[in-house]
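There are 2 protein chains.
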Amino acid sequence: MTELNISGREANGARRQAKRAAARNVDIDLGPLDNWIGFYLRLAQSASFQAFTREARGVDLSPGRFATLMIIGRNPGISQTALSRANARDKSSLTPVLEDLERRRLIRRVRPKDDRRSYQLQLTPSGDRLLQELTACADKHDRNLDRIIGPRERARFLKTLKKVVAKLQEGGDANGADE
Amino acid sequence: MTELNISGREANGARRQAKRAAARNVDIDLGPLDNWIGFYLRLAQSASFQAFTREARGVDLSPGRFATLMIIGRNPGISQTALSRANARDKSSLTPVLEDLERRRLIRRVRPKDDRRSYQLQLTPSGDRLLQELTACADKHDRNLDRIIGPRERARFLKTLKKVVAKLQEGGDANGADE
DNA sequence: TATTGTTATACTCTATAACTATA
DNA sequence: TATAGTTATAGAGTATAACAATA
Numbered sequence: 001m002t003e004l005n006i007s008g009r010e011a012n013g014a015r016r017q018a019k020r021a022a023a024r025n026v027d028i029d030l031g032p033l034d035n036w037i038g039f040y041l042r043l044a045q046s047a048s049f050q051a052f053t054r055e056a057r058g059v060d061l062s063p064g065r066f067a068t069l070m071i072i073g074r075n076p077g078i079s080q081t082a083l084s085r086a087n088a089r090d091k092s093s094l095t096p097v098l099e100d101l102e103r104r105r106l107i108r109r110v111r112p113k114d115d116r117r118s119y120q121l122q123l124t125p126s127g128d129r130l131l132q133e134l135t136a137c138a139d140k141h142d143r144n145l146d147r148i149i150g151p152r153e154r155a156r157f158l159k160t161l162k163k164v165v166a167k168l169q170e171g172g173d174a175n176g177a178d179e
Numbered sequence: 001m002t003e004l005n006i007s008g009r010e011a012n013g014a015r016r017q018a019k020r021a022a023a024r025n026v027d028i029d030l031g032p033l034d035n036w037i038g039f040y041l042r043l044a045q046s047a048s049f050q051a052f053t054r055e056a057r058g059v060d061l062s063p064g065r066f067a068t069l070m071i072i073g074r075n076p077g078i079s080q081t082a083l084s085r086a087n088a089r090d091k092s093s094l095t096p097v098l099e100d101l102e103r104r105r106l107i108r109r110v111r112p113k114d115d116r117r118s119y120q121l122q123l124t125p126s127g128d129r130l131l132q133e134l135t136a137c138a139d140k141h142d143r144n145l146d147r148i149i150g151p152r153e154r155a156r157f158l159k160t161l162k163k164v165v166a167k168l169q170e171g172g173d174a175n176g177a178d179e
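Laid out in structure tokens, this is it:
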């Protein structure tokens with residue numbers, strides 16, 4: 001680091017530059033944050049979320065609900081409990097979501113004869129159409145990520161992401177697999 | 001826990017088993033979801049969030065606020081606007097957070113003479129102590145991730161994560177971040 | 001006019017605990 | 001007793017728009 005300022009004019013220039021840099025989020029010292037996975041996971045998650053939303057502008061369904069729709073579409077007859085687990089969310093979080101999807105005629109809930117506590121979830125035709133539409137958006141978003149990451153690194157990256165999810169969830173399930 | 005299925009209940013037993021498998025989130029077909037970065041980013045983010053919270057149990061500060069504290073600690077005198085940018089959140093989201101941190105005597109807000117619209121943020125001694133404490137928790141969490149990912153892959157992974165953030169944000173900034 | 005931070009407000013996502021209706 | 005789903009409720013986190021003070 002240079003510590004000599006030759007002229008006042010240069011110092012001013014440098015200061016202005018630093019200010020603009022700060023405004024652009026350069027020159028902010030993140031400290032250990034800059035080396036922590038969790039911090040960047042948060043940023044990446046929200047950036048990806050927003051990018052998908054941009055891709056799917058005009059389609060009125062959030063990424064989270066899209067995932068819900070997809071899981072139902074791929075697993076017709078799935079129960080709410082199983083769905084909530086696939087989504088890693090509490091079942092109570094699902095109730096208002098499914099209510100909404102049902103009200104919009106995107107899904108149906110069927111009471112099976114053999115267990116009348118549960119529901120079997122399935123897409124309606126229009127739910128299926130919306131799913132197709134969103135899948136196309138997601139594909140586009142995904143190709144975008146491919147361009148950013150590169151196909152080879154992408155495979156590695158996804159694999160690691162999955163590993164992190166699996167191991168952390170395993171450790172976090174009720175039983176402390178904690179040290 | 002042991003469940004023996006006696007007599008003519010084989011079908012039932014198999015059904016129960018399938019049910020347990022589904023309950024464990026095995027056998028759920030995620031379709032394209034299983035190959036989408038965004039989906040696993042969400043899961044990884046929330047798993048990491050929870051793991052950190054477990055690590056920092058007893059310390060009353062969320063990961064998000066920890067990041068805020070860290071940025072202030074590393075950049076004494078930073079303004080709220082610059083902080084909100086470093087955090088990729090709107091400045092209005094910051095107001096209640098900073099109010100809370102100030103009420104708890106973890107940060108101070110100083111009005112600089114030369115621009116009395118802004119605040120200069122800094123940690124109090126006890127804010128600094130808490131930051132140290134949380135940093136230790138985060139280190140532990142991080143070593144945990146190291147065990148999961150492996151140090152070499154970890155570097156790659158983080159690099160990719162950063163690239164994704166940079167590129168997606170660049171594309172998504174309504175106002176071009178350049179110039 | 002532009003910028004810094006606040007206010008008012010609202011929306012999404014999520015969880016916990018108690019509940020119901022079945023099983 | 002145990003399980004599937006709902007209700008009631010609460011809280012965190014976030015954003016938009018209008019605003020006051022200051023530049």
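The listed protein sequences correspond, in order, to chains E and L. The first sequence runs 1 to 179 under the working numbering. The second sequence runs 1 to 179 under the working numbering. Beta carbons are placed, not taken as given, at the ideal position from N, Cα and C, and that holds for glycine.
Checklist entry - If you check the beta carbons only, do L:Ile148 and E:Lys159 fall under 9 Å apart? => result Result no, Cβ atoms of L:Ile148 and E:Lys159 do not sit closer than 9 Å.
Item to check | Sub-9 Å separation of E:Trp36 and L:Asp142 beta-carbons | outcome: Contact check for E:Trp36 against L:Asp142 passes: the beta carbons are separated by less than 9 Å.
Item to check | Backbone secondary structure at E:Val59 - three-state DSSP | outcome: coil
Next on the checklist: Please report whether the beta-carbon of E:Gln50 lies at a distance below 9 Å from any beta-carbon of chain L.
Outcome noted: yes
Item to check | Local conformation of L:Ile71 per DSSP, three classes | outcome: helix
Item to check | Distance between E:Val59 and E:Leu134 (C-alpha atoms, nearest Å) | outcome: Going by the C-alpha atoms only, they are around 8 Å apart.
Item to check | Nearest candidate by alpha-carbon position, reference L:Ser48, set E:Ile28, E:Ala88 and E:Arg104 | outcome: E:Ala88
Checklist entry - Taking 9 Å as the CB-CB cut-off, is L:Pro125 touching chain E? => result no
Next on the checklist: Looking at E:Phe157: is its Cβ nearer than 9 Å to the Cβ of L:Ala67?
Outcome noted: no
Item to check | Residue of E:Val97, E:Gln80, E:Asp90 and E:Pro63 minimising C-alpha distance to E:Ala138 | outcome: E:Pro63
Item to check | At least 3 beta-carbon pairs within less than 8 Å: the segment 70–90 of chain L vs the segment 76–83 of chain E | outcome: These segments do not touch.
Next on the checklist: Beta-carbon within less than 6 Å of L:Gln122's beta-carbon, same chain only, minus the 5 sequence neighbours each way: which residues are those?
Outcome noted: If we look at L:Gln122 and ignore the five residues flanking it on each side, its Cβ neighbours are Pro76 and Arg108.
Checklist entry - Taking C-beta to C-beta, are E:Arg154 and E:Thr124 nearer than 9 Å? => result no
Item to check | Proximity test, L:Glu102 beta-carbon vs the ligand NAD heavy atom, cut-off 8 Å | outcome: The ligand NAD is not among the ligands present in this structure, which contains no ligands whatsoever.
Checklist entry - Is L:Ile149 helix, strand or coil when you go by DSSP? => result helix
Next on the checklist: Extract the residue ranges of the beta strand (DSSP E) inside the segment 71–137 of chain L, only unbroken runs of 3 or more that lie entirely within it.
Outcome noted: Scanning the segment 71–137 of chain L for uninterrupted beta strand (DSSP E) segments of 3 residues or longer gives 107–110 and 120–123, listed from N- to C-terminal end.
Item to check | For E:Leu131 and E:Arg116, the rounded distance between their alpha carbons | outcome: 28 Å
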